[in-house]
Structures are given as structure tokens and as C-alpha cells.
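One structure below.
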Amino acid sequence: MNSGDPTTGNSQLPLAFVKPVFPGWCFVMRTLLVLFLVLGFSVTAFADEGMYPISSIDRLSLKDQGLDLSADEIFNPDQTCLVDGICRVNGCTGSFVSPSGLIITNHHCAYRAIQSASSPKNDWLKNGFFGKTLEEEIPAPGYVVRITESYRDVSKEVLEAVAAGMTSAERTKAIEKRRKELEKQAEEAAPGMRADIAEMFAGRTYVLFMYTYIRDVRLVFAPPSAIGNFGGAVDNWEWPRHTGDFSFMRAYVAADGSTAEYDKANVPYKPKRFIKVSSGGANEGDFVFLLGYPGRTARHKTASFLTYERDVRLPFVVGLYQWQIQTMDQASAKDRLVALKHSSRKQSLANVEKRSRGQLKGIRRARIVYKRQKQEDALQEFIDSDPQRKAKYGEVLGMIEATYAQMTQDAVYRLTLNNYVSSVRGLGLAFTIYDAAVERAKEDLDRETAYMNRNMDQTVDRAILGWKDWHHATDRIIARGFSKRLGDAKFSLDGSAWGETALSEESTIREMFEKSPAELAKVDDGFLKKVIEMYPELMKLREQAKERDGKLAKFYADLIDVKQEFQKASFVPDANGTLRMTFGHVKGYSPEDAVFKMPATTLKGVMQKTTGVDPFVTPREVVNKYLEKDFGPFLHPTLNDVPVALLYDTDTTGGNSGSPILNGKGDLVGVNFDRAFEATINDFAWNESYSRSIGVDIRYVLWLTGKVYQAKRLLDEMGVAAE
Ligand code: ASP
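Residues are numbered in the working numbering as their position in the sequence shown, beginning at 1, plus a constant of 145.
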């Protein structure tokens, strides 16, 4: 550890649990500051990296940039603060925007909830949804809202589980087991809360986060898909954008305030703090910042990793997903029920497929592999310049490279087989049932995380939820495609899978989850039989993955150590689903020579794009209100129109979907939902010239909600005037 920062110290600082009972997040954050300072990142490192642990903001001079809040107002150990109003909604982010648990997030984040409540008769996806009273708000099965309450550094306890002489796979398993053990203990000590250990730096730094965990989440308002997904896959990851990608949900708890499963009698959750909505929006040049739960980035990974992504994994994903999307499209063309079943998965495959194409293009164009290789060459030179250092770290980069080279060799087979089981729903369900049975026979802590007692119910519920979208005819086509790709008859599903299946009723499926492996082997079902046959091969892949992860974690931990020594400044951890802050300005950009794109779009643009053909359809009521020029207070001061979407240079990734866009006062002025095509490579490297995030302007949200769809009760609840 070496940095010019006097506050740096030993990474094993005894960061005591913040308080025995769970304190405000703010206090937590203060301690988190210490955690990241031990890694010594300094203000200079802030210039080009942007997903800061929230605790570090008092080291930034954001006043000059336009932030009116003190660091203490964003987080404060002694009182509620802004971050108390932020939550995680499944893999997305949300903000509490009322004292009664009202959450604003993206339409694409609420999509699964809207879809599962929809039927050809009550087609909320197509027509939009508004619960006119609390009683009409609909349950969102499978949704969970988390609010970060506290954390502590558990690196020491986790890494103590590793003993000398362990193989890489043993190392992975030992770390996994210790993590599970600590999580379990933490949950036992704080009933109703959820514990989660996040790996901040691979093989090196682990932090135990405690979350309030709300399981009764309901859908409150969703615009029609024609608005919430306007432009569909064509416009996804593109700017200019005209998508009203927002929805409202609500968190509910038991009458005594404790978290509980869905129950009609539950009451709206009272957040410690809610975020004030400002109908003023944000305009070009304005300072904005985001709080959210970015999912994954790979900025600390090597050139060899990027090469693997560029040459192997990303092209594989593009090809595989394009074919699956096309298959689902064909199956959906004439039947709305089938289209509804496929809609959620199709949407997420299309999202990843296009992002992968953007990443492929960006990696090449921004010469990311080349640049990272250059940095590594310099690092290697530094390592080799000192015999002791060379002895310790000399092989690290080479070993990482060798690991990815090895992964490349069997990548197509491995990725195809894993995707086979996850893509063919019948196989996926049968696998979860059988795998659960095998794992259940083990001690709780030795099981895969999904099958531990604390997670089992959720795993079963998720499997059932997925099963509801099962369409046998499509599954059959997809299964055939996969067996062709795998090129080996032993993987193909024979006719018995497609006739009567034992997995046709929810109650039977729940019973299956009670059976032992031996009992399951006797069930007459084609999917189960195939899974049992393939199981040893799948377990071999699982074991190999653990072996690889163990190796990589060890090498990456060494790499971070020596990089810190070399650069004398250190690093913001890669995104890992924990709370971060990023900031920037509403700002256009030049994606290519001679092109400059402005940072705001308007309703006029929606009308111009509207062709009446999917995905560019605009509901009649929107057109009418536009023609009436009934814009209320939501007009842009200079554009003389309702602003629809915003572009800004923050540092975001998946998981920032639904993050509030906050102005300098900390008021919500929009909701983040995407990035520009060039910014898809944010996941590998951020750059001021191409990294742009996209959000829906709050004025469009409020105009649609209050004016067009007359959901005035929501505006009242948020304290916003519609006139
Ligand atoms: N729209 C994106 C997603 O769903 C959000 C992002 O990655 O910036 O993943």
C-alpha cells in the first residue's frame, strides 16, 4: 500500500460494525469512506473515473461544479440524509418520492411486473396501468426493494478461510462458504434484514452490507409500452431518444412496520427520507448527480480479459441472442398471449445483444485493448525493475493471460451448454429442481447460495415465475437449435419432452421441489431425464468455473496491490451492485466526425418520429394533449416544448437504470435509463468524449402522469402542482 495520501493505512483496519442496531446509512457511509481511503484513492484519481463510493464526496470540490449540498446533507452520521431516499429495485435503482413509499423507477425495470399482471384481456403492457386507489395497486411478484442500512469490512474474516496449499477451486469454495456463514450470522442477528457480502476488489476486499428488505412491492402507474418503450430496440442505446421510460411502484410493509410477504392488509412503507421532485427539470449546462446501484464494470481487468470479450464472448452473445430473438418474434407474431409470455425475456436479450454490439464497436474504435496493453507493459517494466517485486508479481499478468487463453479454448462449447440449460425453459426448470434436490442433501453452508435455507423459497418462487412464461412450441424450436449447435446427439431432447410433461402445474412443480434426487430419477418426464443425464457434465463445468474464479481472484488481488504501488494513487472499486454516486453536466457530444448531438429532446421530436408502426406509435391521448398545447408548468423555458429526454456525462452502467437524476439541490429532475451507443463501453473504460448517459426528463414524466393520464393523486402525493 503506497500512496501520497496521509490518510491511507492498513487495509485491515478494524472497521467496527457501525452500530449494534442499524443506524442511518449516513453513518455507514462515513465509515465506508475510511474503507476506500485505505485503498488510497486521491482526488486526482477522480478526474476520469466516476462511480464513487458515496462516502468520498467530501474530498471532491463539487461546489464549484454546481452542487449546493454539503457532503453532510448527502450523507450524515447523525441524521437522515439524501441517500436514505434511494433504494434498489431488483437489479435497478429507485427513489422514494413520497412519505408513503412511492417509488419512481424505469418502465423497463417495472416491465416484469407489468407483464406478469397482463393478459390479452387486461393488457397493461399495451394500454398502461394506473391504480386509482391504494387498493387497486397490483402486486409485483418476484420484486424486492432493498435499502442499504449499514456495512462493515469483513475482508479479514473472509480471507482467513483460505489456507496455504489449497487448490484454486478449494480457495473459491472456502471463500464462498465463509461469505455465506457471515451472511447467515448477520441475518440471524438482525431478523428481517438481508445480509450481502460484496467483493469490492477480487480476492482482496469484502464488505458486508445490511439491507432493509421489502418483499411486498406493487405496481402503481405504468405508461403504455408505446411510451415507456417508445423506439423499442431500434432506439435502445441511441441518442437522440424519445422514450418515456418511467413507472411508479410502491413498497408495503406489515402494519407494525416490519417487512412481510404480500398481504392485502399491509400498509405503505414510510421511508426515513424521500426525494423531492422538482418540476423545474434540468437544462443544458446544468450540474447533475446520480445515486444508484451500478451492476458490473471491468475497469480493473486486463487486456487479455478484454481480448477474450472482444474475440470470444461478445460475438458469441450477439449471434446466439439474435437467433433467439428472431425465434421468439416469429412465435409471437400472431398470438398476443404468446407475445406476452416472450416479451420480458425478449426485451432483456435484445438489450444485451445491442449493448454487446456497441461494446464490440467501441472496443475497436477506442482502441481499448491496445491502450490497456500499453499500461500493462509499463506496469510489467516496473515489476521487473526490482528483483523482490519481480519475484512476487513477475508472473501475475502472464498467469491471467494464460487463464483467459485456456477459457478461450472451450468457450463456445461451455457457453453454448450453459445457455442451452438457461434458455430452454423446460430444461432450466428441470435443472433447478434437480440441482436443488442434490444440494439440499448437503449441509446448509455447503450448498450453492440459491439453495440455502435462507434463499430456497425465493428460488422456488422464481422458478415458478419463469415457468409461467413457458411456451412449449418456442422452447422446442430453441432446443433443436441448441442441439444442432452442440452437434452431439447426447444433448438432444427426444419426443418425450414435448408430449405430456410432469412439470405442467404449479402444485406439481412445488411437489417436485420436495423430492430427493432418487425420487426425481423415477419421474417420467423428458426434461428431468435429460437434465439428470447431463448433470455430471454440467457439474464439471461448475467445478471448472470455481477453479478459474479462484485463480483469477488471487491474481487480480496481486495485480491491484502492485498497480497501487506503481501508480501511487489508487482506485475506485469496479461497480458491484453497491451504492455509488456519479456526477456531471447536461451536455451534448460528438459521436463522429462532423456530427454534434444536442442534450435534450422534446415532444415535437416524439411526433416527428411517430410513424404509427411499432415501435414508433404514439397513443392518441398524447397526440391530442400535444395538439391542444396543454403543457401546464412542464414547458421548457427556451425550447417552448415539453422536454422528453436528457443527455449528461455521468459514469453509469446497468443497475443505474432508474437512478434519480438530481440537481445541485438534491431534487429529482429526471430518471436515468440508458446510455448512448458509444457509451456501452463504459463497462470497460469511461471517457469524457463518448460516455453519455440518458434519462427521462421529469417534466415529461409529470406531464404524462398528471396531464395526459390524469393520475393527479400521484402528483399530489409528490407535492407537485399540475397547473
Ligand atoms: N438501459 C441500460 C440497461 O438496461 C442502463 C445502462 O446500462 O446504462 O442495462
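Note that CB positions come from ideal geometry on N, CA and C, so glycine has one too.
For the candidate residues the options, whose alpha-carbon lies nearest to that of residue i?
| i | options | result |
| --- | --- | --- |
| Ser-88 | Asp-580, Lys-685, Ile-623, Lys-708 | Only positions 146 to 868 of the chain appear in this structure, which leaves residue 88 out of reach. |
| Asp-706 | Lys-674, Arg-592, Phe-527 | Phe-527 |
| Tyr-407 | Glu-282, Pro-460, Glu-321, Glu-326 | Glu-282 |
| Lys-770 | Thr-783, Val-751, Ile-806 | Val-751 |
| Ala-371 | Phe-822, His-387, Asp-719, Ala-790 | His-387 |
| Ile-342 | Gly-236, Lys-667, Arg-297, Phe-391 | Arg-297 |
| Gly-840 | Ala-262, Ile-320, Asn-428 | Asn-428 |
| Gly-809 | Ser-567, Gln-210, Cys-237 | Gln-210 |
| Leu-451 | Glu-521, Gly-437, Ala-410, Leu-494 | Glu-521 |
| Lys-318 | Asp-456, Ala-824, Lys-691, Asn-827 | Lys-691 |
| Gly-722 | Ala-476, Val-352, Glu-315 | Val-352 |
| Leu-631 | Leu-482, Glu-656, Val-557 | Val-557 |
| His-252 | Ala-856, Phe-366, Leu-574 | Phe-366 |
| Glu-302 | Thr-312, Lys-322, Gly-310 | Lys-322 |
| Glu-868 | Asp-819, Val-814, Gly-777 | Gly-777 |
| Met-338 | Ser-295, Val-412, Asn-374, Leu-304 | Ser-295 |
| Trp-848 | Arg-837, Gly-811, Lys-774 | Lys-774 |
| Asp-268 | Leu-459, Gly-236, Val-483, Leu-435 | Val-483 |
| Ser-628 | Asp-529, Ser-568, Leu-590, Pro-805 | Ser-568 |
| Arg-837 | Asn-801, Leu-792, Gly-864 | Leu-792 |
| Thr-783 | Ala-745, Val-462, Gly-377, Leu-560 | Ala-745 |
| Val-457 | Gly-729, Asp-555, Val-299 | Asp-555 |
| Leu-205 | Asp-759, Pro-532, Gly-729 | Gly-729 |
| Lys-271 | Leu-724, Arg-607, Pro-764, Thr-798 | Pro-764 |
| Phe-761 | Thr-293, Ile-248, Gly-376, Asp-361 | Gly-376 |
| Asn-374 | Asn-598, Thr-404, Met-597, Thr-755 | Thr-755 |
| Val-362 | Cys-232, Arg-655, Lys-266, Pro-460 | Cys-232 |
Kindly identify the DSSP beta-bridge partner or partners of residue i.
| i | result |
| --- | --- |
| Cys-237 | Val-234 |
| Ile-357 | It is worth fixing the name first, because residue 357 is Thr in this sequence and not Ile. Ile-292, Met-338. |
| Ser-530 | None, per the DSSP bridge assignment. |
| Ile-248 | Phe-241, Met-394 |
| Pro-284 | Arg-363 |
| Gly-840 | Leu-791, Asn-817 |
| Glu-344 | Tyr-351 |
| Pro-198 | Arg-725 |
| Phe-461 | DSSP lists no partner for Phe-461. |
| Asp-298 | Val-352 |
| Phe-274 | Ala-367 |
Between residue i and the rest of its own chain, which residues show a CB-CB distance below 6 angstroms, the 5 nearest in sequence each way excluded?
| i | result |
| --- | --- |
| Asp-614 | Lys-486 |
| Val-541 | Phe-700, Asp-703, Leu-704 |
| Val-462 | Ser-501 |
| Ser-804 | Thr-238, Leu-435, Gly-437, Asn-817 |
Between which residues of its own chain and residue i is the CB-CB distance below 7 angstroms, once the five residues before and five after are set aside?
| i | result |
| --- | --- |
| Tyr-414 | Gly-246, Ile-359, Ala-396, Tyr-397, Val-398 |
| Phe-658 | Ile-578, Ala-581, Val-605 |
| Ala-262 | Trp-269, Ile-283, Leu-364 |
| Tyr-845 | Gly-389, Val-787, Pro-788, Val-789 |
| Ala-145 | Residue 145 lies beyond the stretch modelled for the chain, which goes from 146 to 868, so this question has no answer here. |
| Ser-494 | Checking the displayed sequence, the identity of residue 494 turns out to be Leu instead of Ser. Excluding residues within five positions, the ones whose Cβ falls inside 7 angstroms are Tyr-466, Gln-469, Ile-470. |
| Val-307 | Arg-316, Ala-319, Ile-320 |
| Glu-593 | Glu-584 |
| Glu-862 | Ser-243, Ser-245, Leu-247 |
Going by beta carbon distance, what residues of the same chain come within less than 8 angstroms of residue i, once the five residues before and after it are set aside?
| i | result |
| --- | --- |
| Ala-702 | Phe-346, Ala-347, Gly-348, Arg-349 |
| Ile-545 | Thr-447, Ser-449, Phe-450, Leu-697, Phe-700, Tyr-701, Leu-704 |
| Ile-566 | A small fix is needed here, since residue 566 is Val in this sequence, not Ile. Result list for Val-566: Leu-572, Gly-573, Phe-576, Val-676, Met-679, Leu-683, in chain order. |
| Tyr-854 | Gly-273, Phe-275, Phe-366, Pro-368, Glu-766 |
| Thr-189 | Bear in mind that a pLDDT of 35 at Thr-189, under 50, signals an unreliable position, so the model cannot answer this. |
| Lys-857 | Gly-851, Ala-867 |
| Val-731 | Ala-427, Asn-428, Glu-429, Gly-430, Asp-431, Val-433, Pro-744, Ala-745, Leu-791, Leu-792, Tyr-793 |
| Asn-640 | As written in the sequence, residue 640 is Gly, which differs from the Asn given in the question. Taken in chain order, the residues that qualify are Gly-671. |
| Ala-647 | Thr-653, Met-657, Val-668, Asp-669, Asp-670, Leu-673 |
| Gly-539 | Ile-528, Asp-529 |
Of all the CB atoms in chain D, is at least one closer than 7 angstroms to the CB of residue i?
| i | result |
| --- | --- |
| Ala-790 | Absent here is chain D; the protein component of the structure consists of one chain. |
* If you scan the region 719-755 from start to end, which runs of the alpha helix (DSSP H) of 4 or more residues do you find wholly inside it? -> Complete alpha helix (DSSP H) runs here, min 4: 748-754.
* Quick one: complete alpha helix (DSSP H) runs, 4+ long, within the region 401-455? -> 448-453
* Asked: Hey, which unbroken runs of the beta strand (DSSP E) at 3 residues or more fall wholly within the region 749-820?
  -> Runs of the beta strand (DSSP E) lying entirely within the region 749-820 and spanning at least 3 residues, in chain order: 788-793, 805-807, 813-820.
* **Sufficient close CB pairs (3 or more, under 8 angstroms) joining the region 711-724 to the region 419-426** => no
* Please list the segments of the alpha helix (DSSP H) lying wholly inside the region 533-564, counting only runs of 4 or more residues, in order along the chain. => 541-554
* Asked: In the region 617-674, which residue ranges form an unbroken alpha helix (DSSP H) of at least 4 residues, counting only runs that do not cross its ends?
  -> 617-631, 651-657, 662-666
* Should the region 619-630 be called in touch with the region 467-478, which here means at least 3 C-beta pairs below 8 angstroms? -> yes
* Segment contact flag, the region 373-389 with the region 487-499, C-beta cutoff 8 angstroms, min 3 pairs -> yes
* **Sufficient close CB pairs (3 or more, under 8 angstroms) joining the region 480-495 to the region 257-270** => yes
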